[in-house]
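Peer 1: If you're matching positions, the sequence shown starts at 675 in our numbering and goes up one per residue.
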Amino acid sequence: MPPKKHTRAESDANQASTSSDKRQKTNKSAETPPDSGDEAPQGAAPEKELFGWYCVARPRSDFENEAGGPGADEEEIEKLYLAQRDKKLLGEPAEKHPEHKWVAFWKTWTLFIGWSEAADFCDSDAFGMHIYTDFHGWGLQEIVERMFVAFDVQFKKKQRDEETINHMWAVVAAAVHWLAGEDLSLWFGADDADRISQTVKGIGSMLLSMLNELDRAGELKADSRMKDLALIMAWYLEWSKGLTDMLIQGDELDWRAQTVAYAKKAGIDLASSGLFGAGDLVSALEKEKEDDGGIPPLAAQAKADLWGWKKTFTALKKGYPKFGGRQFDITQFSKAERKRHSFDGQDPFAGIPEKEIKAGNIAFA
675 MPPKKHTRAE SDANQASTSS DKRQKTNKSA ETPPDSGDEA PQGAAPEKEL
725 FGWYCVARPR SDFENEAGGP GADEEEIEKL YLAQRDKKLL GEPAEKHPEH
775 KWVAFWKTWT LFIGWSEAAD FCDSDAFGMH IYTDFHGWGL QEIVERMFVA
825 FDVQFKKKQR DEETINHMWA VVAAAVHWLA GEDLSLWFGA DDADRISQTV
875 KGIGSMLLSM LNELDRAGEL KADSRMKDLA LIMAWYLEWS KGLTDMLIQG
925 DELDWRAQTV AYAKKAGIDL ASSGLFGAGD LVSALEKEKE DDGGIPPLAA
975 QAKADLWGWK KTFTALKKGY PKFGGRQFDI TQFSKAERKR HSFDGQDPFA
1025 GIPEKEIKAG NIAFA
């Protein structure tokens, strides 16, 4: 039986202590432009500065990697993971805890939470529904597309002021929080391998385009004002390290070596980023590229759209008029549609006002 659904006003959500492997249950902002790809919970602690730096949880997967991988003692990993809460630093200003390397813009965190909620809303099984095979997988694809849309909204602005750069970085950082924390098996198993491969390549293009923008702004450096720069670069390497066999074209992950080349150019030590095993990731990439002369520092000079993001984004959207929309978001279905697809013929949101449903104000019991 699927879990009971109710409005978030009835749930006891605790944002500050929720980790990046546990989804917060909060409202999405009704003020977010519908075409921005930007999703943030309404209840995201108004006293927080959107572009202030705050401590966030080191994910469970990183503790697992440190303990030796999937075969490690689960109880010990869980104990270490949950011990973060006892330190009472999550949600605290990063400046109060300089030893804690897992930090983020508050904007990054709210984007991550919004996308995590969106992943819940395309999971038909969770609502006691069946729509069609791969529905959930394509819902995850749609969320990645919304990341692209959110990035492009900022990228296409002519002005490259600090706020624009901050917004762009928040999207890129939040994207890897979500990619690394979400179960994406249904996405990679969806029935269009070419589209998935192109999307992964697009993720790399977005990252490289962001690094170029930081380079142009003089912020691609070891002491960048982006306090999570090394962490995010390393985390993209970690997330993508096992994807080769799932992709079909061969060049979808070329951006991994280019990310390392950027780190070398900027003197950024990925090994000390805070991500366990980051140095080994770099060494493994270096070994892969030995026959090609290794990975030298990036020689290319920063310039507008160095990595061709505009062309990439246009290609990603081609043939998909609802790119980055919400056609796989069950909260956007009509009551009749929800009943038609439910296993028992009943509305899984029965008793919840339609306005609350459409606003995504749904929580699991």
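Yeah, the Cβ is synthetic: ideal placement off N, Cα and C, and Gly gets one too.
Please name the residue, chosen from H841, L860, K830, I787, that lies closest to F809 on a Cα-to-Cα basis.
Peer 2: L860
Peer 1: Buried or exposed: L756, going by 16 or more other Cβ atoms within 10 Å of its Cβ?
Peer 2: exposed
Peer 1: Hey, out of Y806, K832, F1007, H841, whose CA is closest to F822's CA?
Peer 2: H841
Peer 1: Give the range of the alpha helix (DSSP H) segment to which Y936 is assigned.
Peer 2: 928–940
Peer 1: Residue range of the alpha helix (DSSP H) that Y728 falls in?
Peer 2: Looking at the DSSP string, Y728 is not in any alpha helix (DSSP H); the run it does join, the beta strand (DSSP E), is 727–729.
Peer 1: Give me the Cα-Cα distance between A958 and A978, rounded to the nearest whole angstrom.
Peer 2: Straight-line Cα distance between these residues: approximately 31 Å.
Peer 1: Opposite P767 in the DSSP bridges: which residues?
Peer 2: DSSP lists Y728 as partners of P767.
Peer 1: Thinking C-beta only, is F1002 closer than 9 Å to H804?
Peer 2: no
Peer 1: Which of helix, strand or coil does DSSP assign to I1036?
Peer 2: strand
Peer 1: By the 10 Å Cβ neighbour count, where 16 or more other Cβ atoms means buried, how is G876 classified, buried or exposed?
Peer 2: buried
Peer 1: Quick check on A904: does DSSP put it in helix, strand or coil?
Peer 2: helix
Peer 1: By Cβ distance, which residues of its chain are closer than 8 Å to A989, with the 5 residues on each side in sequence left out?
Peer 2: Q872
Peer 1: Does P898 come out as helix, strand or coil in the three-state DSSP assignment?
Peer 2: The amino acid occupying residue 898 in the given sequence is Ser; Pro does not appear at that position. Residue state, collapsed to three classes: coil.
Peer 1: Near D797, what residues of its chain come up, given a Cβ to Cβ distance below 6 Å and the 5 sequence neighbours on each side ignored?
Peer 2: H810
Peer 1: Where does F825 sit, in a helix, a strand or coil, going by DSSP?
Peer 2: helix
Peer 1: May I have the straight-line CA-CA distance separating Q1020 from K830, to the nearest angstrom?
Peer 2: 45 Å
Peer 1: Which term fits Y806, buried or exposed, when burial requires 16 or more other beta carbons within 10 angstroms of its beta carbon?
Peer 2: exposed
Peer 1: Going residue by residue through the stretch 810–868, where are the continuous alpha helix (DSSP H) segments of at least 4 residues, counting only ones entirely within it?
Peer 2: 836–855, 859–862
Peer 1: Between the stretch 838–858 and the stretch 881–894, do three or more beta carbon pairs fall short of 8 Å?
Peer 2: yes
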